[in-house]
Amino acid sequence: MGQVFVTRRVPGRAVELLQGAGHDVAVWPDDLPPPANALRESLLQADAALTMVTDPIGQDLLIEAERLCVVANMAVGYDNIDIVAASQAGVWATNTPGVLHETTADLAFALLLAAARNVVLSDRDTRDGGWQMWSPTAFLGPDPFGATIGIVGLGEIGQAVARRAHGFGMTVLAATRTSRPGIEQELGVEKVSLNDLLQRADFVSLHVPYSPVTEHLIGSQELAVMKETAILVNTARGGVVDQDALVEALRAGTIGGAALDVTVPEPLPLTHPLYGFPNVIITPHIGSASFATRAHMAEMAARNIVAVLGGAEPLNPVNQPPVPRNRA
Ligand code: GLV
């Protein structure tokens, strides 16, 4: 029997799964994440943690929480965890691959369509009483159908976006550093350099993980290469885009707009200049937020904990501690 700390209320059967395996489960009861001191206090008592992208799990915490054997992140991304420190401390870190790509690709497409066709802007205007009469010139936008999409990063989510893009008759370009033989052909995408993609795409959708390598992958130079009408969609991580450069590009009108599900920081303060652009959509990091997918993610994280606390290796490790800690 182990102590498991779950850092937020989660949907689905995750807590039941943990309890069913005989573990004691403490769930942080608030809608906001546990503050640093509460997270620390709880992890000092825990053999396992079921965490969110909003929980920073750094080196000090991993060393101090000496009972902790596994940090199961309820996310595919794990940039909130210091993976090197986790491995050194003997702590497994796990994620939730394979269950959220379709849901996240749906949101990327929803944002793309909403930005192109002024869905959010015109809704806001309608609620504000702006709809006087049908207008031949109001809320015009570019056609997604038949346009060119540039997908940056061709992992599970990028691939799922590519499949959707074909349904919209799009030409699909992809820039990826990872070699996946045959995948471009299978998906009907043209592999190009990032520069080519940015020059040619009407819509640029980001699907790379956040790391020192991808930090500010889209900066002022990259934004300058994009078409003046192009729309940037980011459902990856805020840090992949240099937000100051994005503000400058939007001010200068050198790109057509942006739809961002992720920002730095999250939430973005209401005073941030990005809120001032009518051609920007900002959503609160809801890429995987469907009923089924979030339940699936939580249950997957729980299964990783059950495996590790049962003495086995996790199902979805993102590290390989040389000497894994054992439950005390
Ligand atoms: C969400 O952002 C995730 O990485 O799953």
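All the letters of the sequence shown, read from the start, carry residue numbers -9 to 318 under the working numbering. Yeah, the Cβ is synthetic: ideal placement off N, Cα and C, and Gly gets one too.
query                                                                                                                       : result
Nearest-angstrom Cα separation, counted from Val230 out to Gly209                                                           : 9 Å
Neighbourhood of Ala164 by C-beta distance below 6 Å, restricted to the same chain and skipping five residues each side     : Ile141, Leu144, Val179, Lys181
Expected contact under 8 Å - CB spacing of Thr84 and Asn316 to nearest Å                                                    : Not really, about 17 Å apart at Cβ, beyond 8 Å.
Exposure of Trp82, with buried meaning 16 or more beta-carbon neighbours within 10 Å                                        : buried
Chain-order list of residues whose beta-carbon lies under 6 Å from that of Thr44 (same chain, five-residue window excluded) : Pro23
Under 8 Å between C-beta atoms of Asn306 and Met287                                                                         : no
Integer-rounded CB distance, given that Leu101 should sit under 8 Å from Leu225                                             : The identity of residue 225 in the sequence shown is Thr, whereas the question assumes Leu. That belief holds up - the Cβ atoms of Thr225 and Leu101 are roughly 7 Å apart, short of 8 Å.
Beta-carbon separation (whole angstroms), Ala76 vs Ala38, contact threshold 8 Å                                             : Wrong, their Cβ atoms sit about 13 Å apart, outside the cutoff.
Simplified DSSP state of Pro263, which is helix, strand or coil                                                             : helix
Integer-rounded CB distance, given that Arg57 should sit under 8 Å from Ala79                                               : Not a contact, Cβ separation roughly 11 Å.
Val223 - DSSP class collapsed to helix/strand/coil                                                                          : strand
Which residues DSSP lists as bridging Gly209, in chain order                                                                : Note: Gly209 sits in no beta bridge, so no partner.
Burial state of Leu260 (16 or more Cβ within 10 Å)                                                                          : exposed
Any non-hydrogen atom of ligand 1 within 7 Å of Gly67 CB                                                                    : yes
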